[in-house]
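*Asks:* The following block contains the structure, expressed as structure tokens.
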Amino acid sequence: MKKASVAQFVIATCAVLMVSLFSTGFLSTVAAQTFKRRAPTSSDWAAIAKLPDFTGVWEVQMGGGPVTRIINPAVGVPPARPTPLSLTEAYEAKRQALVAHAEEDNQSANCLPPGMPGIMAQPYPMEFLLTPGLVTIVIEAYSMVRHIYTDGRPLPSDPDPTFFGTSIGHWEGDVLVVKSIGFSTQTEIEPHVPHSDKMEILEKFRLLDPNTMNIETTVTDPEALTAPWVANRILKRHRNWAIAEYICEQNNRNYVDKNGKAGINLTAPTGAAPEPK
Amino acid sequence: MKRVKNFALVAAMQAGLLAVVASVAAAHHGFAVFDTSSQHTITGTVKEFQWTNPHTWVWLEVPNDKGGADTWGFEGMSPNFLGRRGWTRKTLQAGDKITITYFALKDGSKGGAFLSCKRPNGDELKMFGASPTEDN
Numbered sequence: 001m002k003k004a005s006v007a008q009f010v011i012a013t014c015a016v017l018m019v020s021l022f023s024t025g026f027l028s029t030v031a032a033q034t035f036k037r038r039a040p041t042s043s044d045w046a047a048i049a050k051l052p053d054f055t056g057v058w059e060v061q062m063g064g065g066p067v068t069r070i071i072n073p074a075v076g077v078p079p080a081r082p083t084p085l086s087l088t089e090a091y092e093a094k095r096q097a098l099v100a101h102a103e104e105d106n107q108s109a110n111c112l113p114p115g116m117p118g119i120m121a122q123p124y125p126m127e128f129l130l131t132p133g134l135v136t137i138v139i140e141a142y143s144m145v146r147h148i149y150t151d152g153r154p155l156p157s158d159p160d161p162t163f164f165g166t167s168i169g170h171w172e173g174d175v176l177v178v179k180s181i182g183f184s185t186q187t188e189i190e191p192h193v194p195h196s197d198k199m200e201i202l203e204k205f206r207l208l209d210p211n212t213m214n215i216e217t218t219v220t221d222p223e224a225l226t227a228p229w230v231a232n233r234i235l236k237r238h239r240n241w242a243i244a245e246y247i248c249e250q251n252n253r254n255y256v257d258k259n260g261k262a263g264i265n266l267t268a269p270t271g272a273a274p275e276p277k
Numbered sequence: 278m279k280r281v282k283n284f285a286l287v288a289a290m291q292a293g294l295l296a297v298v299a300s301v302a303a304a305h306h307g308f309a310v311f312d313t314s315s316q317h318t319i320t321g322t323v324k325e326f327q328w329t330n331p332h333t334w335v336w337l338e339v340p341n342d343k344g345g346a347d348t349w350g351f352e353g354m355s356p357n358f359l360g361r362r363g364w365t366r367k368t369l370q371a372g373d374k375i376t377i378t379y380f381a382l383k384d385g386s387k388g389g390a391f392l393s394c395k396r397p398n399g400d401e402l403k404m405f406g407a408s409p410t411e412d413n
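In structure tokens:
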């Protein structure tokens, strides 16, 4: 071919490639930010008053009863599970490899928060905010937030993998039913229990009595689990609590190093502000 | 005494306290470095009480056998947890003389996991226990 037409060919090919990139990759990531929420009307706000009262700060009940206690297998105590966690052969092999090479402590020692479902089982409270088309869960542990869209939008067909997934919800009577997809494989179902990018989580939030909430969590994963894994948690409302700040890096003296060794920083403070790392 | 009444008074047996500690430690980072099989006590003077996340820290000056003093560091529960159980950032202050009950560090370093402490007048401050229930 002559030089000029080679150049034209290359430019044309690039143009075609750019168009196809834009129409597939670019748009499907942008799509997560393109559902337009209409302005709420006064009847939208009035409708919220008819929903069950989820307002206020709720404390997960730890220990005893229908509660999940996630115990780090690295310290030799097997996890207590409400239903058996049955992994596929491939994922059981992955789990055993993770346990065999277990770090002395998990990455939360380095202030990395857990993903779903673990972030909902922390010994710190959470607050539910109900606004038109949205339920927002303010999670005190690690100062995290979950957004559950109740505005009728569909789940994205190609969600970005994230720690908490993308969540949509709807009300079935007095029960908030939430479906979440798009989980990063950087997170685990439980310590040392990996999941695939096809994990899905279904949650049902309901009041058992005026100040007691039950959250039923069902985890499914066609690649990692042979059966759904179901956990139930009980939360109690505290009308006099407020969500407090939790900045993990404020004064974190724990760590797990790159060899998996756990450590602690006992250098006494001098009274000056901590130096940036 | 007013101050004693403000603190979570779960009169747990040793095993009961350990069960509570274990369940809190479970969803809790950082406990891998502590030997939770036995408790120890140590007496000293508070140098500083850090009211910070993810853990409060009690820094204690403890006389050593060389005629001087060492600084020991005790990791405590989050101020978010403690603040709901009667603690404030002024509960312990520099100069307070206390006896701390703690889990030691596996490597023997001068520090541990703060479980509770006693003042010379007998007041006991605990870090664990259920949150108070209130009339909603």
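These protein sequences, in sequence, are chains P and R.
Oh and the first sequence: position 122 is 122 in the working numbering, straight run, nothing missing.
Add 277 to the 1-based position in the second sequence for the working numbering, that's all there is to it.
Glycine is no exception: its CB is placed at the ideal position from the N, C-alpha and C atoms.
Computed from a predicted structure; not experimentally measured.
1. Could you tell me the boundaries of the beta strand (DSSP E) in which R:K395 lies?
2. When DSSP labels each residue in this structure, what does P:P194 get in the three-state scheme?
3. Could you check which residue in R:I375, R:F380, R:E325, R:H317 has the C-alpha nearest to that of R:F311?
4. Report the rounded CA-to-CA distance for R:L392 versus P:G173, giving the unit in angstroms.
5. Can you list, in chain order, the residues of its chain with a C-beta nearer than 8 Å to that of P:F54? Leave out the 5 residues immediately preceding and following it.
6. Just the chain R side, please: which residues come within less than 8 Å of P:E140 by C-beta, in chain order?
7. I'd like to check one pair, P:T217 with P:A227: are the Cβ atoms closer than 8 Å?
8. Here's a check: name, in chain order, each residue in its chain whose Cβ is nearer than 8 Å to the Cβ of R:S386, leaving out the five neighbours to either side.
9. List the endpoints of the continuous alpha helix (DSSP H) containing R:F358.
10. Apart from the five residues on each side of it in sequence, which residues of its chain come closer than 7 Å, Cβ to Cβ, to R:A371?
11. Check distances from the C-beta atoms of the segment 98-111 of chain P to those of chain R and list, in chain order, the residues that come in under 9 Å.
12. If you follow the beta strand (DSSP E) that R:D312 is in, where does it begin and where does it stop?
13. Would you list the one or two residues that DSSP bridges to P:S180?
14. Among residues of its own chain, excluding the 5 on either side of P:Y246, which ones have a beta-carbon nearer than 7 Å to its beta-carbon?
15. Quick one: what does DSSP say P:F128 is sitting in, helix, strand or coil?
16. Once DSSP output is grouped into helix, strand and coil, what is the label at R:Y379?
17. Let's test the definition: count the other Cβ atoms within 10 Å of the Cβ of R:P340 and tell me whether it reaches 16, buried, or not, exposed.
18. Using a beta-carbon distance below 8 Å, is R:A327 in contact with chain P?
19. Is the beta carbon of R:T348 less than 8 Å from the beta carbon of R:E338?
20. Tell me whether the beta-carbon of P:W171 lies closer than 8 Å to the beta-carbon of P:L85.
21. Please check if any C-beta of chain P sits within less than 8 Å of the C-beta of R:P397.
22. Specify the secondary structure class of P:Y246 as computed by DSSP and reduced to three states.
23. P:A224 and P:S184: beta carbons closer than 8 Å?
24. Among the candidates R:H317, R:G406, R:G389, whose CA atom is the shortest distance from the CA of P:L266?
25. Just the Cα atoms here: how many angstroms apart are P:F163 and P:I201?
26. Would you report the Cα separation of P:D105 and R:G406, rounded to the nearest angstrom?
27. Report yes or no: is there a C-beta of chain A within less than 8 Å of the C-beta of P:W229?
28. Using the rule of at least 16 other Cβ atoms within 10 Å of the residue's Cβ for burial, across every protein chain shown, is P:T270 buried or exposed?
29. Do P:R233 and P:M126 come within 8 Å of each other at the CB atom, strictly closer than that value?
30. For P:R37, is the classification buried or exposed, using 16 other Cβ atoms within 10 angstroms of its Cβ as the cut-off for buried?
31. Interface residues of chain P around R:W336 at Cβ under 9 Å?
32. Any beta carbon of chain P sitting closer than 8 Å to that of R:V301?
*Replies:* Concretely, from the data shown:
1. Counting from 1 along the second sequence, the entry for residue 395 of chain R is found at position 118. 388-395 is the span of the beta strand (DSSP E), which, as asked, contains R:K395.
2. In the first sequence, the residue the question calls residue 194 of chain P occupies position 194. DSSP places P:P194 in strand when its eight states are reduced to three.
3. By 1-based counting over the second sequence, the position of residue 311 of chain R is 34. That would be R:F380, whose Cα lies nearest to the Cα of R:F311.
4. Here residue 392 of chain R refers to the residue found at position 115 of the second sequence. Here residue 173 of chain P refers to the residue found at position 173 of the first sequence. Near 45 Å, if we compare the C-alpha coordinates of P:G173 and R:L392.
5. For the purposes of this step, residue 54 of chain P is taken as the residue at position 54 of the first sequence. Closer than 8 Å at the Cβ level, and outside the excluded window around P:F54, lie F128, L130, V135, L176, F205, L207, M213.
6. On the first sequence, position 140 is the one that residue 140 of chain P refers to. Neighbours of P:E140 on chain R, chain order: N357.
7. Your numbering for residue 227 of chain P matches position 227 in the first sequence. Your numbering for residue 217 of chain P matches position 217 in the first sequence. Their beta carbons are not under 8 Å apart, which means P:A227 does not touch P:T217 by this criterion.
8. Here residue 386 of chain R is taken as the residue at index 109 of the second sequence, counted from 1. Nothing meets the Cβ criterion.
9. To locate residue 358 of chain R, count along the second sequence from 1; it is residue 81. It spans 356-359 - the alpha helix (DSSP H) in which R:F358 sits, taken as one unbroken run.
10. To locate residue 371 of chain R, count along the second sequence from 1; it is residue 94. Excluding sequence neighbours, R:A371 sits near V323, K324, E325.
11. Considering only beta carbons, the part of the segment 98-111 of chain P lying closer than 9 Å to chain R consists of E103, E104, D105, N106, Q107, S108, A109, N110, C111, in chain order.
12. As a position in the second sequence, residue 312 of chain R is number 35, starting the count at 1. First-last of the beta strand (DSSP E) with R:D312: 311-327.
13. Position 180 of the first sequence holds residue 180 of chain P. Beta-bridge analysis with DSSP links P:S180 to P:S167, P:I201.
14. Counting from one through the first sequence, the residue named residue 246 of chain P turns up at place 246. These residues qualify, in order along the chain: Y124, E140, A141, Y142, S143.
15. For the purposes of this step, residue 128 of chain P is taken as residue 128 along the first sequence, with counting starting at 1. Looking at P:F128 - three-state DSSP - the assignment turns out to be strand.
16. Translated into the one-based positions of the second sequence, residue 379 of chain R becomes position 102. In the three-state DSSP reduction, R:Y379 falls in the strand class (E or B).
17. Position 63 of the second sequence, counting from 1, holds the residue named residue 340 of chain R. Exposed is the call here.
18. For the purposes of this step, residue 327 of chain R is taken as the residue at position 50 of the second sequence. Note that residue 327 of chain R is Gln in the sequence shown here, rather than Ala. It does: the Cβ of R:Q327 has a partner Cβ on chain P nearer than 8 Å.
19. On the second sequence, residue 348 of chain R is found 71 positions in, with the first residue counted as 1. On the second sequence, residue 338 of chain R is found 61 positions in, with the first residue counted as 1. In this structure, R:T348 sits near R:E338, with a CB-CB distance shorter than 8 Å.
20. For the purposes of this step, residue 171 of chain P is identified with residue 171 of the first sequence, where counting begins at 1. For the purposes of this step, residue 85 of chain P is identified with residue 85 of the first sequence, where counting begins at 1. Taking 8 Å as the Cβ cut-off, P:W171 and P:L85 do not qualify as a contacting pair.
21. For the purposes of this step, residue 397 of chain R is identified with residue 120 of the second sequence, where counting begins at 1. No, because no Cβ of chain P sits closer than 8 Å to the Cβ of R:P397.
22. One-based indexing of the first sequence puts residue 246 of chain P at position 246. Under the three-state reduction of DSSP output, P:Y246 falls in the coil class, being neither helix nor strand.
23. Position 224 of the first sequence holds residue 224 of chain P. Position 184 of the first sequence holds residue 184 of chain P. Cβ atoms of P:A224 and P:S184: not closer than 8 Å.
24. For the purposes of this step, residue 266 of chain P is taken as the residue at position 266 of the first sequence. Nearest C-alpha to P:L266: R:G389.
25. Reading the first sequence from its first residue, position 163 is the one you call residue 163 of chain P. Reading the first sequence from its first residue, position 201 is the one you call residue 201 of chain P. If you take the alpha carbons of P:F163 and P:I201, they lie about 12 Å apart.
26. Residue numbering aside, residue 105 of chain P sits at position 105 when the first sequence is read from its first letter. Residue numbering aside, residue 406 of chain R sits at position 129 when the second sequence is read from its first letter. If I take the Cα positions, the gap works out to 24 Å.
27. Structure shown: chain A not included; protein chains present are P and R.
28. As a first step, residue 270 of chain P must be located in the first sequence, where it is residue number 270. The residue in question, P:T270, is exposed, as its Cβ has fewer than 16 Cβ neighbours within 10 Å.
29. The residue labelled residue 126 of chain P in the question sits at position 126 within the first sequence. The residue labelled residue 233 of chain P in the question sits at position 233 within the first sequence. In this structure, P:M126 sits away from P:R233, with a CB-CB distance that is not shorter than 8 Å.
30. Counting from 1 along the first sequence, the entry for residue 37 of chain P is found at position 37. The residue is exposed, with fewer than 16 neighbouring Cβ atoms inside 10 Å.
31. For this step, residue 336 of chain R is matched to residue 59 along the second sequence. Near R:W336 (Cβ distances below 9 Å), the residues of chain P are A268, P269.
32. On the second sequence, residue 301 of chain R is found 24 positions in, with the first residue counted as 1. Its pLDDT being 49, under 50, R:V301 is placed unreliably in this model, and the coordinates cannot settle the point.
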